[in-house]
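A.B. asks:
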Amino acid sequence: MKTILVMTDFSRAAKNAAQTALGIAEHFGAELLLLHSYHLPQIILAEPLKMDYKEMEEKAKISLEKEKERLLKQMKTRQQYIRIHTINTIGPISEVLYDIQQGEKLILAVMGRHKRHKSNFLFANHIHIAMRNSDCPLLILSSSEFLPDKCRINFASDLNEKDIALLESIEKIRKAFKASLSLSYVMESRGLVADFDEEDRITSFQRVLQKDKFSDIPFHLLKSNAIASEINRMFPPSKDNLLLLVNRTHGLLHEIFHSSQCRAIIKKHHGAILVLPELWKPACQQ
């Protein structure tokens, strides 16, 4: 069965993410898997912290059931019933994600994002770990409303050749949500070394976009001295705008959207972001 993973820390942003995931699950005929997991930091102190781990686990379990009930109540107004499963566990998120992906056919992972707080081991502060360990697209949402149906997808690219290969899969996402799609080549001002391949990359991408199936995709050239700092100006957040990035595990000299830059953009951007793994292929087609 197709499954959408919802990682929650019960914050306002996480609840908004779960609510959005509910609508997406209905769209794809998928199940929801609500996950709450926290990794207790391994810190050696002179005086051990007085923490009742069993009590923490019980409180989390109760909160997880309440969140499930909240989502089930919302389903009463919907046409389709969606199964919701829950997992409450203590452990590193990387290990938890690995175990889940071995047994579930995940088509999407969804999580909320909010400012850092004292609970640094909860999900909102481990987006980069989820990015690094997720085999499926990762949808990151704030507490603001996001409407995926008929949204505008803004694919921000450095025109890496792997992005060309992903266009076919991204087009499937666009069709599934009846969304519009635009492609933007985001150029960062040149440093000490010139990018001699830039013109060739632009030409290659424009050639691909001339094909019939991609001919209606607008192509924009955007330039900035600091991509992360100006990301909200370049891609204004709104309830029907989705910024799409590809998370590359290894960034070369002129690849803007490698892993570390992706993290910086996500930290600065105020809207909805969909992060695709570098070698992603869609598990579902609609």
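Numbering of the sequence shown is given in UniProt numbering, commencing with residue 1 and proceeding in unit increments.
For every residue, glycine included, the Cβ atom is placed at its ideal position computed from N, Cα and C.
Considering tyrosine 98, what are the terminal residues of the alpha helix (DSSP H) in which it resides?
C.D. replies: Residue mapping note: residue 98 aligns to position 98 of the sequence shown, counting from 1. Where tyrosine 98 is concerned, the enclosing alpha helix (DSSP H) stretches over 93 to 103.
A.B. asks: Three or more C-beta pairs under 8 Å: does that hold for the region 178 to 188 against the region 214 to 224?
C.D. replies: yes
A.B. asks: Let's see if you can read the secondary structure: which residues bound the beta strand (DSSP E) around serine 144?
C.D. replies: Sequence index remark: in the sequence shown, residue 144 carries index 144 (1-based). No beta strand (DSSP E) holds serine 144; DSSP gives it neither H nor E.
A.B. asks: Assuming proline 233 and serine 143 make a contact with CB atoms under 8 Å, what is their CB distance in whole Å?
C.D. replies: Residue 233 sits at position 233 when you count from the first residue of the sequence shown. Residue 143 sits at position 143 when you count from the first residue of the sequence shown. What sits at residue 233 in the sequence shown is arginine, not proline. About 21 Å; that fails the 8 Å criterion.
A.B. asks: Keeping to the same chain, check which residues put their C-beta closer than 8 Å to that of alanine 226; ignore five residues upstream and five downstream.
C.D. replies: Position 226 of the sequence shown, counted from the start, is the residue given in the question as residue 226. Around alanine 226: Glu188.
A.B. asks: Within 10 angstroms of its Cβ, does leucine 32 collect 16 or more other Cβ (buried), or is it exposed?
C.D. replies: Position 32 of the sequence shown, counted from the start, is the residue given in the question as residue 32. By the neighbour-count definition (other C-beta atoms within 10 Å, threshold 16), leucine 32 is a buried residue.
A.B. asks: Less than 8 Å between the CB atoms is what I'm expecting for isoleucine 82 and alanine 156, so what's the real figure, rounded?
C.D. replies: Reading the sequence shown from its first residue, position 82 is the one you call residue 82. Reading the sequence shown from its first residue, position 156 is the one you call residue 156. About 31 Å separates the two Cβ atoms, so there is no contact after all.
A.B. asks: Are the CB atoms of leucine 8 and histidine 27 nearer to each other than 7 Å?
C.D. replies: Within the sequence shown, the letter at position 8 stands for residue 8. Within the sequence shown, the letter at position 27 stands for residue 27. According to the sequence displayed, residue 8 carries threonine and not leucine. Contact: no.
A.B. asks: For a quick check, are the C-beta atoms of valine 6 and methionine 131 less than 7 Å apart?
C.D. replies: Position 6 of the sequence shown, counted from the start, is the residue given in the question as residue 6. Position 131 of the sequence shown, counted from the start, is the residue given in the question as residue 131. Against a cut-off of 7 Å, the Cβ pair of methionine 131 and valine 6 comes out as no contact.
A.B. asks: Once DSSP output is grouped into helix, strand and coil, what is the label at isoleucine 87?
C.D. replies: Along the sequence shown, one-based indexing puts residue 87 at 87. Reduced to three states, the DSSP call for isoleucine 87 is strand.
A.B. asks: Counting only runs of 4+ residues fully inside the region 160 to 234, write out the alpha helix (DSSP H) ranges in chain order.
C.D. replies: Counting only runs of 4 or more, we get 161 to 176, 198 to 209 and 231 to 234.
A.B. asks: Apart from the five residues on each side of it in sequence, which residues of its chain come closer than 8 Å, Cβ to Cβ, to glutamine 206?
C.D. replies: Walking along the sequence shown from the start, residue 206 turns up at place 206. Within the same chain, glutamine 206 has close Cβ partners Phe219.
A.B. asks: My output table needs one value for glycine 112: the three-state DSSP class, helix, strand or coil.
C.D. replies: Numbered from 1 along the sequence shown, position 112 holds the residue referred to as residue 112. Of the three classes helix, strand and coil, the one that applies to glycine 112 here is strand, per DSSP.
A.B. asks: Exposed or buried, isoleucine 62, counting other C-beta atoms within 10 Å across all chains shown (16 or more means buried)?
C.D. replies: Locating residue 62 in the sequence shown gives position 62, where the first residue counts as 1. With fewer than 16 Cβ atoms within 10 Å of its Cβ, isoleucine 62 is classed as exposed.
A.B. asks: Could you tell me the alpha carbon to alpha carbon distance between aspartate 240 and glutamate 230, rounded to whole angstroms?
C.D. replies: Against the sequence shown, residue 240 aligns to sequence position 240. Against the sequence shown, residue 230 aligns to sequence position 230. The alpha-carbon atoms of aspartate 240 and glutamate 230 are separated by roughly 20 Å.
A.B. asks: Got a sec? Which residues, its chain only, sit under 7 Å from leucine 122 by beta carbon, not counting five neighbours each side?
C.D. replies: For the purposes of this step, residue 122 is taken as residue 122 along the sequence shown, with counting starting at 1. Only weak support is given to the placement of leucine 122: the predicted model assigns it a pLDDT of 46, under 50, and the value that follows is read from those uncertain coordinates. Cβ neighbours of leucine 122 beyond the five flanking positions: Asp9 and Tyr38.
A.B. asks: Out of Leu139, Leu147, Lys105 and Glu95, which one is the CA nearest neighbour of alanine 179?
C.D. replies: Counted from its first residue, the sequence shown places residue 179 at position 179. Alanine 179 has its Cα closest to that of Leu147, out of Leu139, Leu147, Lys105 and Glu95.
A.B. asks: To the nearest angstrom, how far is it from the Cα of leucine 279 to the Cα of glutamine 80?
C.D. replies: Within the sequence shown, residue 279 is the residue found at index 279, counting from 1. Within the sequence shown, residue 80 is the residue found at index 80, counting from 1. So the two alpha carbons sit approximately 32 Å from each other.
A.B. asks: Please state if the CB of alanine 272 and the CB of leucine 141 are separated by a distance shorter than 7 Å.
C.D. replies: Here the question's residue 141 lines up with position 141 in the sequence shown. Here the question's residue 272 lines up with position 272 in the sequence shown. Yes, the pair counts as a contact, with Cβ atoms nearer than the cut-off.
A.B. asks: What span of residues does the alpha helix (DSSP H) with arginine 12 cover, start to end?
C.D. replies: As a first step, residue 12 is located in the sequence shown; it is residue number 12 there, counting from the start. That run of the alpha helix (DSSP H) goes 12 to 28.
A.B. asks: Figure out for me which residue from Thr89, Ser224, Gln210 and Lys281 has the closest Cα to the Cα of lysine 162.
C.D. replies: Locating residue 162 in the sequence shown gives position 162, counting from the first residue. The residue with the shortest Cα to Cα distance from lysine 162 is Lys281.
A.B. asks: Put isoleucine 82 into one of helix, strand or coil per three-state DSSP.
C.D. replies: For the purposes of this step, residue 82 is identified with residue 82 of the sequence shown, where counting begins at 1. Isoleucine 82: coil per DSSP, three-state reduction.
A.B. asks: Tell me isoleucine 4's beta-bridge partners as DSSP assigns them.
C.D. replies: The sequence position of residue 4 within the sequence shown is 4, counting from 1. Partner(s): Leu32 and Leu108.
A.B. asks: Starting from the Cα of glutamate 67, find the closest Cα among Met56, Glu55 and Asn88 and give me that residue.
C.D. replies: Mapped onto the sequence shown, residue 67 falls at position 67. Checking every option, the nearest Cα to that of glutamate 67 belongs to Asn88.
A.B. asks: Look at the alpha carbon of proline 236 and the alpha carbon of isoleucine 173, and state the distance between them as a whole number of angstroms.
C.D. replies: Taking the sequence shown and counting its residues from 1, the one referred to as residue 236 is at position 236. Taking the sequence shown and counting its residues from 1, the one referred to as residue 173 is at position 173. Our two residues, proline 236 and isoleucine 173, have alpha carbons roughly 21 Å apart in a direct line.
A.B. asks: Here's a check: name, in chain order, each residue in its chain whose Cβ is nearer than 8 Å to the Cβ of aspartate 135, leaving out the five neighbours to either side.
C.D. replies: As a working mapping, residue 135 is identified with position 135 in the sequence shown. Answer for aspartate 135: Gln101, Leu106, Pro277 and Trp280, listed in chain order.
A.B. asks: To the nearest angstrom, report how far apart tyrosine 98 and asparagine 133 are at their CA atoms.
C.D. replies: The residue given as residue 98 occupies position 98 in the sequence shown. The residue given as residue 133 occupies position 133 in the sequence shown. Answer to the nearest angstrom: the Cα atoms are 7 Å apart.
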